[in-house]
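Q:
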Amino acid sequence: MTKFRKLGRPGAHRVSMLRSFSSAPSPIPLFRLVSRTNTLIPVSPCRTMVSQLVKHERIETTVAKDDLLLLVRCRPWSQAKEVRRLADNMVQLGKEGTLHAARHAAAFVRGDDVLHKLFTELAYRYKDRVGGYTRLLRTRIRMGDAAPMAYIEFVDRENELREAKTPKPQPPERVPLDPWTKSRASQQWASPKENANSGSES
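Going letter by letter, the sequence shown gives residues 0 to 201 in numbering that gives the first Met the number 0.
(1) Compare the Cα-Cα distances from R137 to each of Y150, G130 and A101 and report the closest residue.
(2) For a test of the three-state rule: what should DSSP assign to L52, helix, strand or coil?
(3) Determine the direct distance from the alpha carbon of Q91 to that of Y123, and round the result to whole angstroms.
(4) Looking at C-alpha atoms only, which residue of G93, R109, T60 and A86 is the closest neighbour of Q78?
(5) Since T204 and F153 are thought to touch, with beta carbons under 8 Å apart, how far apart are those beta carbons, to the nearest angstrom?
(6) When the Cα of N158 is compared with those of T97, C45 and H55, which residue comes out closest?
(7) Taking the C-alpha atoms as reference points, what is the distance between M48 and K80?
(8) Is DSSP giving M148 helix, strand or coil here?
(9) Where does L160 sit, in a helix, a strand or coil, going by DSSP?
(10) In the DSSP assignment, the beta strand (DSSP E) including L121 goes from what residue to what residue?
(11) Going by Cα to Cα distance, which pick from N88, V62 and A63 is closest to V53?
(12) Within a Cβ cutoff of 6 Å, which residues of the same chain sit near G143, ignoring the five residues on either side of it in sequence?
(13) Report yes if the C-beta distance between R84 and L135 is below 8 Å; otherwise report no.
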C-alpha cells in the first residue's frame, strides 16, 4: 500500500492525494475510489485473491476490511464482495474470448495458468449462464480478532459447499382471449360507477 507522511494534512487533503493515486496513468490503478460511499479500495490484494480464486475455485477471506481507516477517514470496504465482482468480470472477459478481452484479463490476473483457465475451462463451463458465477458463504468468526470470515467459490462445479438452486420452471403460456370474451370479462369486473356511466350513455 502506498505510504506518505501526513505532515499535518487534513483528511480531505489526504483523500485528494489518494484520489490522484487512484487515477494514475497506469494500466492497473493502486486504488478504486467509490465516490458514492467515500470508500477507497486497494486493487493489488484483490488481484491476488481473484487469481487464487480462479486457480483453486474456492478461497476463504474476511468479509470486511478497514485498513485504510488509519490513513484516510473512509468507510470500511467489503473485501469479499469486491473479489466476487472482479471475479465475475474476469469470467465475463473469458467468455468474450477476444484478443482485447485477453489483454484486459492478462493485465489484471497473475499467472499464465490462471489466464488459460479463464479462457478455456471457465468460459466453457459458464457459456450458458448469464452472470452470477460466484457465491459468498459466511462461515465463522475468526478467533483472535473476531473478524467475520466467508468462503467465495465458483458455482456449478464439483464439491460445492452448497448446491446451486434449480431454475424455476417457466409458467405456461396463456391463451389469448378473443375480443368478444375479453369485452364481456372487462364489463363483468368493472366497478359499479363505470357500469352506471355506460348505462347512462346508452
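Cβ coordinates follow ideal geometry from the N, Cα and C atoms, glycine included. Just so you know, these numbers come straight off a predicted model, no measurement behind them.
A: Reading it off the structure:
(1) Y150
(2) helix
(3) 11 Å
(4) T60
(5) Outside the displayed range of the chain (0 to 201) lies residue 204, so it cannot be described from this structure.
(6) H55
(7) 12 Å
(8) strand
(9) coil
(10) Note, L121: premise wrong, no beta strand (DSSP E); not H, not E.
(11) N88
(12) none
(13) no
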